[in-house]
Every structure is written in structure tokens, then in C-alpha cells.
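Heads up: the structure comes next, in C-alpha cells.
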Amino acid sequence: MFNKLKNFIFHENGTIRFQLDDWYYWYKDPQVFHDAVVEHLLKEGKTVQTLQVTKRVTSNIISTLIIDGKKYQLSVQNASNRVIVQTAVLKKLDEK
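Numbered according to full-length UniProt numbering, the sequence shown spans residues 1 to 96.
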């Protein structure tokens with residue numbers, strides 16, 4: 001299941017996006033979606049530390065992570081109605 005992540009893309013603005021082949025009910029159990037993303041990052045050789053995983057979903061934000069020493073916010077983006085694809089979005093958070 002975890003090896004079905006594809007299109008791992010780094011963007012210039014510090015955002016990382018990749019599509020998931022498997023569908024996760026992130027709005028019911030955000031921990032499972034979070035674990036799938038962390039497992040993939042670890043397989044990519046990243047150092048990952050979880051700061052917080054949401055327990056009650058009120059938006060598409062799933063968790064806050066430290067990846068290779070930089071703080072990111074994990075969220076999910078669902079594609080249009082025509083394609084059943086989920087995109088994991090890791091947005092780099094500014095250090096203040």
C-alpha cells in the first residue's frame with residue numbers, strides 16, 4: 001500500500017506534493033493518512049518527527065511534522081470529481 005505513492009514533487013516555495021493511489025478516509029481517521037505519508041517519507045530517506053496529528057477533523061489539515069529539520073503542515077487535496085485521486089500536500093511553515 002505505501003509503495004503506491006507517486007509523483008513526489010518538490011516545489012520552489014517549499015511545498016511538497018504527491019498523489020496517492022489508495023484512497024484514505026482522512027476525514028474519519030486522519031492518523032491512517034498521516035501514517036501512510038510518514039512511512040513514504042521514511043522510505044525516501046527523510047528524517048521525520050510528528051509534532052501533532054489532528055484528532056477531530058475541522059479542515060483538510062491533518063498534522064504538523066518536522067522533516068529533515070524543517071517544519072511542515074500536512075494536508076490533503078482531493079482532485080476534481082472526474083478523477084478519484086488524493087494528493088498529500090506538505091507545506092513548509094515559516095520559522096519565527
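Virtual Cβ for every residue (Gly too), placed ideally from N, Cα, C. For clarity, every value in this text was computed on a predicted model and none was experimentally measured.
Query                                                                                                                            : Result
Under 8 Å, do residue 26 and residue 85 count as touching if we go by C-beta distance?                                           : no
Closest by CA to residue 68, which one among 22, 35, 92 and 19?                                                                  : 92
May I have the straight-line CA-CA distance separating residue 50 from residue 22, to the nearest angstrom?                      : 22 Å
Would you decide whether residue 37 is buried or exposed? Buried here means 16 or more other CB atoms lie within 10 Å of its CB. : buried
For the beta strand (DSSP E) containing residue 71, list its first residue and its last residue.                                 : 70-78
Would DSSP call residue 16 helix, strand or coil?                                                                                : strand
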